[in-house]
Every structure is written in structure tokens, then in C-alpha cells.
Amino acid sequence: MPGPLNAASAKARLHGLGEIACLDLREHGLYGEGHPFLAVPCPFSRLEFDVGALVPRAGAPVLLVDDGDGIAALAAERLAALGYRDVSWIEGGAPAWAAAGFTLFKGVNLPSKTLGELLEEAWHVPRISVDTLAAWQAEGRDIRLVDGRPAGEYAKMTLPGAVCAPNGELGHRAEDLLPDPHTTVVVHCAGRTRSIVGAASLALAGVPNPVVALENGTQGWALSGRALDYGREAATLVIPGPKALAASRSRADALMKRAAVAHIDLNTLRRLAADPDRTLHVLDVRGAEEFATGSIAGACHAPAVQLVQATDHWIGTRRSRVVLLDDTGLRATVAAVFLAALGYEVAVLRDVDVAARSGFERADPVVAPDLARLRQMSAAQAVKQAAAGDPLLDLRGSLAFRAGHLPGARWSIRPRLPALAPGARIALVGDFGVAALAADTLFARGARDIRLVGGTAEAWRAAGLRLASTPDDPPDATAIDHLFFFHDRHDGNLDAARRYLAWEQGLTRQLDRAERAEYRIGPSPFGV
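In case it helps, the working numbering puts the sequence shown at residues 1095 to 1622.
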């Protein structure tokens, strides 16, 4: 049923029984200020690049969300050129959704974050306050304080005494990292979700240690008046030895049986990929270094720690099939339990290190985008043209533009490209791919002469060009690519941190009956 749908019809289709990919075309800032609960971010500025991974089957039903500005109809044409055959959109976009009485949710990664809150409630995940943690540390209690986030986030800020062990990796390496089964493991993150998921992951893995989640993470610690550690480099994760790998495989076997997670082989993967009526996402959940040594051709890298936290970054099709690749299978099986709770049909293929360089063919693939071919010009020439009145459009992020841009440039983004005279000599600044997509839009409007400015801000400065900085241009209201929603909560704004945590704890109360019914939470691993 391609074409426009009213909000009520779109809502019914979104919560139906079959697959559907609800893609929000608005840029990151607009999306984060309010979107339908199950809408996946796929900004129009990057649409043709990102959609193939999010929706890898051309026949999958696609439902588009815009701002009521006509972008959805344009996007539908672009998707048709990529081979998509069933594309509809909400007539009137997000404003019409809200006018129909449906909630627009603030923030990002809503299904995953809400899952954390639902798990804490349903599984009674043990937790402690920051005051309790501080008391335990002061009395010298035998604890292992673990930061369950990736190394980059750990380096930004963490708790004193914490070690970096991203969720999914600690259980896999438990034999080496947790030699004493009596040591209490305290898992923290920056807020709530990954603390809850990390503690639950260890319980699912069957690690014998007592485990608790730290309530409110680094933000809670800062709100209590205690100092965080900044700039700490994460130690390289220990490479599991034979004993640890055997234990990881044994734990995976046990969890597969307890949670009824399917274990498949390469031939089954190929059979699933050959099904033209079902969407298949194939994701390798191992670490980046492991993935770099080789994986199954066609698989995407989705480290377990982030896949559960930000599922909509990799999976755009609701109720689709997902195959998770791993070595021993433990990281994949733990992640599979959470993805199944989110409503996906999940299976695990392990020994991917052995099967690396094998591949599979999709039955209904998406066509790669045909990008505009742009000639390059120098930054100096672009500045000269701009001084003569020709348009110089900077397509980089709005905050990068504020920090420094070529004289005469104005910030722009694909969904809000200005109307330009057909004969104008247009210069574009930015990443080639994003610029090529913007150029396609401009060519479709009649532009004939578009060139890409070579170099970066650093290179321009090194060449002696003086860049302009404009801290308030574009203004916040225009900088639709940047989400200002509690954006400084990790930079000392304690009021923002306090309000963010209250928002996160209130997520489940915003769900309507249909949104709540999307979750399929299994038995608690904590024995309650």
C-alpha cells in the first residue's frame, strides 16, 4: 500500500504482525526532540547511504516519517530508485502523529533504553546506590567495579577504581577477570540502561559472582558531590586463554538451552538469506580487533555492548530475522536474549573465526546508490567565487561550521537546501558522499554547475586561509543535525543530569498498550 497514510492507519500498521521499517527522515536534532516510539533514525541527508544496512530487503514494507514538509515524498522517490517497492509515509509527518493523540518520544535509542527499565522491573535486577558503593569502597569490601561502556566513553569519564569491561565482554572473559567467585561485581555506566543490562548479562551468562547494577552511574556519582575520573586510558582486554574460551563456550551452551536461543550453521544462514519474504540482518558481535581479522562476507560489525544499547543503529526492520556471529557464542547468545525481548527472531552462528571469508547471497537485495560525480575545486577558488556572489554551501555538521568555516560560506543541509538560480556556480563543502546526495537534490532542481571544495579545515588553515567562526550561526533552532536534549549532562551541568535521569526512569510510563506489547521479556536470570 504505497503512498500517504493517516496517522491512525500508520499506527495500526506499525503494530501489526508482519515486518515493517519505520524510518524517521528528520535530522538528528529534530528526531531526538520527539519521534514515534518505534521510528528508526535515517536522516534524509544520508538516506541512500544508511538505508541499505537498516533495511537490506527491497521488498520490506517501509513507513517514512518527516516533519510535514514534503521530504517523505522525495525520499520515497529515492528509495524507489534503490529498488524498494512498498514505501508509505505518514501524511503530515510527526506533527500529524502528535495531533492524532500519539506520543512523540524525546531522546534516542528509545526501545533499548526502555528495555533496560522494563528488565529492572520484571527481573528485579539487584542494584545499589552511589552512597552504598562509596561505603563499600571505604570499608575495603571485595568488589570489582566495572564500567560496562566502550573504551572511548570510559576515557571521557568514569568512576574512581573502575575497570573498562564493555558489556558482553566481561562474561566472555570471566575466568580471567573474575578469578574469585565470591567477589561482588558492580556494573556501572553513565546512567541506567547499560548498568542494568550489564548486570543482567553476567547473570544470564551464569557467572557465579554476586552482581549488582549501580543506580544512575557516573551522573548519580557526580550528583552526590563526588569527583569522577577523567582521561583514563582503558587497559587492553585480556585475550581469553583456552580455559576461558572453553568456559565461555560451556556457558553459551547452557544459556542457549535455558533461553531457547537457536544455534545455526553456515548452510542455514545461506538458506535464511535466500528467503525473499523475510528480512535478515547478519551482525558480528565480537570486538573490533577480532572482526578486523575476518568475518563472514556481508556481515556488519555490531559489538555486543552497543548492539543492545542502540539496536536501532543496526536494525531498521521490526520483527525481522537476526543472525548474530561470534566465536564461542556467549556474547551472541546473551545479546540474542535481549534482542528477542525487543521482538526480533534471533539465531546464533558461532565459530565465525573458522567460517571467516565465507559468504551468503540475499534473495531480494537493495540497489547501491548512483552518486553524482563532482569535480573538485580549491578552497581559495571557492572563497573567491563566494566573494563574487556565488553560493558556497557548507554541509558539515553545524557545530563544526560554528567552529570554523570558509569566508562567505553558509551552513546548509540536504532537507533545507536553499533555492538557487539554475545558472549559479555552486560550491559544496563536506564529506564526498553527503555532498553528492545534496548535489543530486540540487541537480533535480535544475542546477548545472556544482563542485566539491577539496581539503579540510585543518588543511585550509595550514595553507594560510583564515577561517571564520560564528558561535551562534547557525542558531540552535536551525542546527537541526545536533541534539541539544540534555547534551551537556556529562560536562558538569548537574541539573541536566538530574532531569535526564528522571526522563529515563519515566520512559515506561509513556508507553501505550501497543508499544508495551512489542516487548517479549523472558524469565529472570536472578531466580525471582
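Ideal placement from N, C-alpha and C gives every residue a C-beta, glycine not left out. Since we're looking at a predicted model, the values are computed, not measured.
Measure the CB-CB distance between Pro1463 and Glu1142 and report whether it falls below 9 Å.
yes
Neighbourhood of Asp1371 by C-beta, 8 Å cutoff - its chain only, sequence neighbours within 5 removed:
Gly1153
Where the beta strand (DSSP E) through Pro1098 begins and ends
1097 to 1099
For the stretch 1409 to 1458, which segments carrying the alpha helix (DSSP H) assignment without a break, of at least 4 residues, lie completely within its bounds, in sequence order?
1424 to 1435, 1446 to 1449
Please give the ranges of any beta strand (DSSP E) in the stretch 1505 to 1590, keeping only runs that are unbroken, at least 3 residues long and fully inside the region.
1519 to 1523, 1543 to 1547
DSSP state of Pro1135, grouped into three classes?
strand
DSSP state of Ile1114 mapped onto helix, strand, coil:
strand
Figure out for me which residue from Arg1504, Arg1496, Ala1497 has the closest Cα to the Cα of Leu1486.
Arg1504
Residue range of the unbroken alpha helix (DSSP H) whose run includes Asp1488:
No alpha helix (DSSP H) contains Asp1488, which is instead part of the beta strand (DSSP E) from 1486 to 1488.
Need the endpoints of the alpha helix (DSSP H) that Asp1225 sits in, please.
1224 to 1233
Three-state secondary structure assigned by DSSP to Asp1378:
strand
Length of the line joining the Cα atoms of Asp1241 and Pro1334:
19 Å
DSSP three-state call for Leu1158: helix, strand or coil?
strand
Val1181 to Leu1264, Cα distance in whole Å?
42 Å
Shorter than 9 Å from the beta carbon of Thr1387 to some beta carbon of chain C?
You won't find chain C in this structure, because it holds only one protein chain.
Count the other CB atoms within 10 Å of the CB of Glu1612; is the residue buried (16 or more) or exposed (fewer)?
buried
State the Cα-Cα distance for the pair Ile1237 and Val1355, rounded to the nearest angstrom.
32 Å
Please list the terminal residues of the continuous alpha helix (DSSP H) segment that includes Leu1213.
1204 to 1217
Cβ pair Glu1439, Arg1413 closer than 9 Å:
yes
So the candidates are Lys1250, Gly1110, Asp1160, Gly1540; which of them puts its Cα closest to the Cα of Pro1137?
Asp1160
Three CB pairs or more closer than 8 Å across the stretch 1208 to 1223 and the stretch 1411 to 1428
no
Taking C-beta to C-beta, are Val1376 and Pro1397 nearer than 9 Å?
no
Beta bridge counterpart(s) of Met1471 as assigned by DSSP
Val1547
Just to check my reading of the structure: Ala1521 and Ala1466 have Cβ atoms closer than 8 Å, yes? What is that Cβ distance to the nearest angstrom?
So it is not a contact: roughly 14 Å between Cβ atoms.
Below 8 Å on the Cβ atoms is my contact criterion, and I expect Ala1441 with Ile1574 to pass it. Report the Cβ-Cβ distance as a whole number of Å.
That belief does not hold up - the Cβ atoms of Ala1441 and Ile1574 are roughly 39 Å apart, past 8 Å.
Assess contact between the stretch 1474 to 1490 and the stretch 1111 to 1124, defined as three or more Cβ pairs (one per stretch) separated by less than 8 Å. Is contact present?
no
If you compare alpha carbons, which of Ala1473, Ala1435, Ile1390, Ala1340 is closest to Val1448?
Ile1390
For the candidate residues Tyr1594, Leu1339, Phe1620, Arg1610, whose alpha-carbon lies nearest to that of Ala1284?
Tyr1594
Return the Cβ separation of Arg1267 and Leu1198 in integer angstroms, given the expectation that the two are a contact with Cβ distance under 8 Å.
Contact doesn't hold; Cβ gap of about 41 Å is too wide.
Suppose you measure from the CA of Leu1339 to the CA of Gly1423; what does that come to, to the nearest Å?
10 Å
For the 8 Å Cβ check, are there 3 or more pairs between the stretch 1507 to 1525 and the stretch 1533 to 1544?
yes
Cutoff 6 Å; reference Ala1174; Cβ partners in own chain excluding five residues on either side:
none
Taking Cβ to Cβ, would you say Lys1207 is nearer than 9 Å to Gln1403?
yes
Exposed or buried, what is His1129 when buried is set at 16 or more other beta-carbons lying within 10 Å of its beta-carbon?
buried
I need the straight-line Cα distance from Asp1163 to Ala1329, nearest angstrom please.
48 Å
Please state whether DSSP places Arg1107 in a helix, a strand or coil.
helix
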